[in-house]
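In terms of my numbering, the sequence shown opens at residue 24 and continues consecutively.
Virtual Cβ for every residue (Gly too), placed ideally from N, Cα, C.
All values reported here derive from a predicted model rather than from experimental measurement.
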Amino acid sequence: MEKKSTADFFVYVEINMSDGFEGSPEYDDWIESGGRDEDRSYYYQKWQRRVRSS
């Protein structure tokens with residue numbers, strides 16, 4: 024059995040969560056609101072809360 028480091032796990036999770044965000048309603052809301060860089064974190068965190076609670 025191959026041992027993976029904690030860092031490898033978190034990189035994998037972050038990549039998959041990022042891909043999911045881009046296809047989400049929160050992403051669409053962010054784009055519709057103007058897609059400003061300074062607002063992305065708000066919509067990303069909103070998406071993360073929804074995904075983690077389900």
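Practice problem: Put residue 64 into one of helix, strand or coil per three-state DSSP. | Solution: In the three-state DSSP reduction, residue 64 falls in the helix class (H, G or I).
Self-check item: chain C within 8 Å of residue 71, Cβ atoms only
Solution: Looking at the structure shown, chain C is missing, and only one protein chain is on hand.
Quiz item: Just the Cα atoms here: how many angstroms apart are residue 48 and residue 77?
Solution: Note on geometry: alpha-carbon atoms of residue 48 and residue 77 lie some 15 Å from one another.
Exercise. For residue 72, collect the residues of the same chain with a Cβ closer than 8 Å to its Cβ; drop the 5 residues on either side in sequence, then sort them by chain order.
Key: For residue 72, where only same-chain residues beyond five positions count, there are no Cβ hits under 8 Å.
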